[in-house]
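All residue numbers for the sequence shown refer to my numbering, where the first residue is 5 and numbers rise by one.
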Amino acid sequence: MQKGLLDVVSNVCPQANHRWCIRHIEANWSKKWKSGEMKKLLWWCAWSTYEEEFKDQLKKLGQLDEDAAKALVSYPPKNWCRAYFDTQCKNFMVGNNFTESFNSWIVQARQKLIIKMLKDIRVKVMNMLRDHEAEILNWKDEFSPHTMQLFKDYRVIANNCKVVFNGDIGYEVVEGTDRHTVNMELKRCTCRAWDLSEIPCPRAIKAFLYGRQDHVTQIHRFYSKEAYSMV
């Protein structure tokens with residue numbers, strides 16, 4: 005971890021929700037614990053969207069090596085585990101690939117004087133947005149291909165879910181041994197995946213299907229062609 009950066013964010017923006025890249029944590033943590041099975045559980049810990057799921061995955065890791073589990077939580081889970089992410093930012097990524105890719109993309113511009121650097125970056129971004137605009141016109145669906153692929157994956161999982169109760173605005177949905185409550189009005193599920201991304205989770209999709217409602221239109225508009233075109 006870059007201690008200087010952590011101190012700056014903590015002091016200058018004390019209310020900010022500062023996320024840490026799980027790949028960096030993995031790189032440090034796996035210097036001692038190199039097992040592929042243990043690394044997989046590290047990622048399942050990070051991907052857990054609610055606290056009980058995180059604790060279950062951490063317990064499995066502890067059963068393999070208790071010290072490995074203790075070392076992992078020495079990195080505050082609130083900074084790298086989805087279960088503790090603030091839902092105001094509708095992004096549940098646990099890695100920092102986007103910014104690292106961007107930094108690599110502008111590496112030549114960064115070697116220039118400040119004014120020239122900013123000009124080169126501006127032109128590169130303008131050209132990138134132009135190219136993306138052409139790609140958007142070829143989207144087969146109303147929403148981005150990545151969004152639709154994730155949604156289709158969720159739809160497959162939803163087939164294994166079961167609605168056991170429905171009220172006026174909510175459903176209780178079971179998936180294996182897990183039981184969650186979906187609030188259709190607030191667009192929330194106790195698994196928190198819907199809250200984190202604004203893409204209906206498998207439980208929410210199952211509830212929409214049960215209620216014979218159009219579940220695709222429940223994807224937030226900022227994943228749509230219209231939103232991307234406005235960038």
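Glycine included, every Cβ here is placed at the ideal spot set by N, Cα and C.
Given the structure is predicted, the values throughout are model-derived calculations rather than measurements.
query                                                                                                                 : result
Complete alpha helix (DSSP H) runs within the segment 200-232 (minimum length 4 residues, chain order)                : 206-214
Validate contact between the segment 173-180 and the segment 121-133 using beta carbons, cut 8 Å, 3 pairs             : no
Bounding residues of the beta strand (DSSP E) (the contiguous stretch that carries E176)                              : 174-179
Whole-number beta carbon distance between K229 and E137, since they are thought to touch under 8 Å                    : Going by Cβ atoms, the distance from E137 to K229 rounds to 10 Å, so no, they are not a contact pair.
Through-space distance from R196 to K3, alpha-carbon basis                                                            : Within the shown structure, residues of the chain are numbered from 5 to 235, placing residue 3 beyond reach of any answer.
Minimum length 3: unbroken beta strand (DSSP E) runs contained in the segment 48-133                                  : none
Three or more C-beta pairs below 8 Å linking the segment 111-128 and the segment 69-86                                : no
8 Å Cβ cutoff met for L68 and E41                                                                                     : yes
Selection from I161, V160, N164, G215 that minimises the alpha carbon distance to N187                                : G215
Rounded Cβ spacing between R23 and L200 (contact assumed at less than 8 Å)                                            : Not quite, the Cβ-Cβ distance comes to about 12 Å (not below 8 Å), so this is no contact.
C-beta atoms of V98 and W51 nearer than 8 Å                                                                           : yes
Enclosing alpha helix (DSSP H) for H28 [first to last residue]                                                        : 26-33
P204 vs I161 beta-carbon contact at 8 Å                                                                               : no
Whole-angstrom C-beta distance between L45 and Q61, which should lie under 8 Å                                        : 6 Å
Same chain, Cβ closer than 7 Å to M152, neighbours up to 5 away in sequence not counted                               : D145
DSSP beta-bridge partners of H184                                                                                     : V177
F147: first and last residue of the uninterrupted alpha helix (DSSP H) it sits in                                     : Segment: none, F147 is in no alpha helix (DSSP H) and carries neither H nor E.
CB of S34 within 8 Å of CB of I140, strictly                                                                          : no
Residues of its chain near R183, where Cβ-Cβ distance is below 7 Å and the 5 sequence neighbours each way are ignored : E176
Sequence-distant residues of the same chain with beta carbon closer than 7 Å to A73, five excluded per side           : L62, L65, G66
N15 - DSSP class collapsed to helix/strand/coil                                                                       : helix
For R192: DSSP bridge partner residues                                                                                : N187
Nearest-angstrom Cβ-Cβ length linking I173 and E189, presumed shorter than 8 Å                                        : 4 Å
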